[in-house]
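Position in the sequence shown counted from 1, then plus 2, gives you my numbering.
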Amino acid sequence: MSLRLRSDIATTSTEHGTVLLDERTGRYWQLNNTGSSVLHALLAGQSQERIAAGLAERHDLDPRQARSDVTAIIDRLRAAKLLVTS
């Protein structure tokens, strides 16, 4: 499953992560650095499993917790209709 941002979602990187703006509604979301790295890895085509493994290694997390965290981020972005399946 390949995910991408909707074409009308603008992004801006900040020192604290990434801000996403829905140009249709004017709503915006801010991702912290971890959420931002998850999003960028997804957009680069990495699998959820690979992203979670990287987080677990970098932050000394239980791999199950890392998978749960990555899934939660993706689920929230999809629920907000920011991410779509390509």
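Think of the CB as a built atom: it goes at the ideal place given N, C-alpha and C, for glycine as much as any other residue.
- Residue pairing by DSSP puts S15 in a beta bridge opposite T20.
- Residues of the same chain with a CB within less than 6 Å of the CB of V72, apart from the 5 flanking positions on each side, are V40, Q50, I53, A54 in chain order.
- Counting along the chain, Q32 sits inside the beta strand (DSSP E) bounded by residues 30 to 33.
- Non-local beta-carbon contacts of R8 in its own chain, meaning distances under 6 Å to residues more than five positions away in sequence, involve V86 in chain order.
- Secondary-structure assignment with DSSP links V86 through a beta bridge to R6.
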